[in-house]
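See structure below.
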Amino acid sequence: MTSAPAGLPEKIQHYIDGQLTDSVSGEWFDVLEPTTNETYIQCASGDKADVDLAVAAAKRAFDEGPWPRMLPRERARILYKVADEVAAMNERLGAIESFDSGLPIRQAKGQAVRAAENFRFFADLIVAIEDNAFKMPGRQINFVNRKPKGVAGLITPWNTPFMQESWKLAPAMASGCTVVLKPAEFTPASAQLWTEVMENAGVPNGVFNIVHGFGESAGDSLVKHEDVRVISFTGETTTGQTIYRNCAATMKTMSLELGGKSPAVIFEDADFEAALDSTLFGVFSLNGERCTASSRLLVQRSIYDRFVEAYVERANKIKVGPPSDPTTELAALVHPEHYKKVMEYIEIGKGEATLAAGGGRPDDLPEGNYVQPTVFTDVPRTARIFQEEIFGPVVAITPFEDEAEALDLANDVKYGLAAYVWTNDIKRAITFSQAIESGMVWINSHNVRDLRTPFGGVKGSGLGQEGGYRSLEVYTDQQAIHVTLGDVHTTRFGATGYSENDPGLAGPGA
């Protein structure tokens, strides 16, 4: 096993009210290194007792501390410092993230830059945001008061964990909420860097807290806690459904970004080489462990054979290797449990469609969670590998005849996160995209994000959207305040002598 990167503690602890701490129970769990599946560090295993302490600290910081009461510019200055601290550790973070998650180092580098940009973006947004005022001259003025909800529970996934944590931390903290972060148990190491970042940036104690642990213990306790007012979760759909049910008891606000089985629809008039490059990147980058992966390729029949031949040729040339090798394009999957799931789907696929590339472990990598880039062709819509999220380096390619069939195939799954449309016909590109059942569509591109736009899905891919102003709406309540400027006619219940022409219960109107 390659030695762990410098800068990691001997053990990973919780962070509650500005202090690193062990679990109340004293329990720990092993964290595995993906290229050997050997334990390289232990992490505190949190449960309800630890969540209670963290939520109490966060609530105290919200109720009594300065954070939600700061002027937007004052809070933004601290968020800018958070961004600077994060950006400064880009190399260090990349090494930890690659080692902990199996992400190729060439893709892990730059995660800190993206995370820092999230903080800068929301720092700018809270300074520039405006709310509505509605005037009724001489009678009333009505305005919207936006205020933070309180304690936010943030439950994050194991793919690009640090950057995904920043997607939730930045808007939650910018809104004035205090937070309890529950990182994914497969990849807890990089989350520890946040403790250093927050302290160096001057974030007050209790505003930021971490409880590590498993979903059924730490995560479940966070979701059910009555003092947590909002839950933001990114993960798979079944877990999201459980969270949805459990939030109901305390009527929490929820933002759930769940699974995906995103289609890339490639019409015969598409830029062939650009579509080829983009769809290969779209499913095999990040080891295929991405919710927006273009894992279903729908290719028009007239170019199907040519596209499949070119795609398979390129897939067979993708370099699979250790995460630390800067030339590696596809490295080790995050954990043996996930590796087993992906390999089971590959075996299922062999009985459903034509295996055109990959389908097993690379011969030169006998240990660890390595999977060859795997391509199935002529995949029927009824196949499980067409319908179900695999979350690995596996793609299903299916032909279509015309727009109607392409749209039917694109929408014929329970998911609706992302979609990709490849055509040079601008009218078709727009009308077809609008008919796809997905929260996001990219035309002639893979998923290049604009932070101002909504991110989220429909159907089985989630509830609610974040990104830009929509993120602030997740973490804030909008309160309508009505101020009377003139005399208000009030029907005098219990009094005598009012006119039969009294307007009664009629409101003032607009």
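For our numbering, count along the sequence shown from 1 and bump the result up by 84.
By construction, the Cβ of each residue, glycine as well, lies at the ideal position given by its N, Cα and C atoms.
- Taking a cut-off of 8 Å on C-beta distances, the segment 168 to 177 does not touch the segment 324 to 332, as fewer than three cross pairs fall below it.
- The beta carbon of residue 504 sits closer than 6 Å to those of 348, 378 and 526, all from its chain and outside the five residues before and after it, given in chain order.
- Pairing residue 225 with residue 205, the inter-Cα distance amounts to about 32 Å.
- Only residues of its own chain outside the window of five on either side were considered, and among them 228, 229, 230 and 231 have a CB closer than 8 Å to the CB of residue 563, listed in chain order.
- If only complete runs of 3 or more residues are kept, the segment 202 to 269 shows the beta strand (DSSP E) at 217 to 220, 224 to 232, 235 to 239 and 262 to 266, in order along the chain.
- Per the C-alpha coordinates, the member of 421, 398 and 402 positioned closest to residue 415 is 402.
- Here the segment 99 to 115 makes no contact with the segment 406 to 413; the two share fewer than three CB pairs at distances below 8 Å.
- Here the alpha carbons of residue 323 and residue 469 stand approximately 20 Å from one another.
- Around the beta carbon of residue 221, fewer than 16 other beta carbons sit within 10 angstroms, so the residue counts as exposed.
- Around residue 173, the same chain offers 196 and 277 as residues with beta carbons nearer than 7 Å, after the five sequence neighbours per side are excluded.
- When C-beta atoms of the segment 378 to 388 are compared with those of the segment 473 to 491, three or more pairs fall below 8 Å, so the two segments count as touching.
- In the three-state scheme derived from DSSP, where H, G and I count as helix and E and B as strand, residue 114 is classed as strand.
- Boundaries of the alpha helix (DSSP H) around residue 327: 321 to 331.
- Under a 10 Å Cβ-count criterion, residue 236 is classified as buried, with 16 or more other Cβ atoms of the shown protein chains found around its own Cβ.
- As summarised for the segment 432 to 482, the continuous alpha helix (DSSP H) elements at least 4 residues long and confined to that stretch are 468 to 471, given in chain order.
- For residue 285, the closest C-alpha among the options 419, 203 and 218 is that of 203.
- Nearest neighbour of residue 119 by Cα position, chosen from 561, 453, 493 and 354, turns out to be 453.
- A straight-line Cα-Cα distance of about 23 Å links residue 182 and residue 343.
- Taking 8 Å as the cut-off, the Cβ atoms of residue 426 and residue 474 count as close.
- With at least 16 other beta carbons inside 10 angstroms of its own, residue 345 counts as buried.
- Runs of the alpha helix (DSSP H) spanning 4 or more residues and lying entirely within the segment 111 to 181 occur at 132 to 148 and 156 to 172, in chain order.
- Three or more pairs of CB atoms, one per stretch, sit closer than 8 Å, so the segment 300 to 307 contacts the segment 121 to 138.
- Residue 198 and residue 177 have their C-alpha atoms some 12 Å from each other.
- Across the set 139, 214 and 310, the C-alpha of 139 shows the shortest separation from the C-alpha of residue 262.
- The Cβ-Cβ distance between residue 457 and residue 441 falls below 8 Å.
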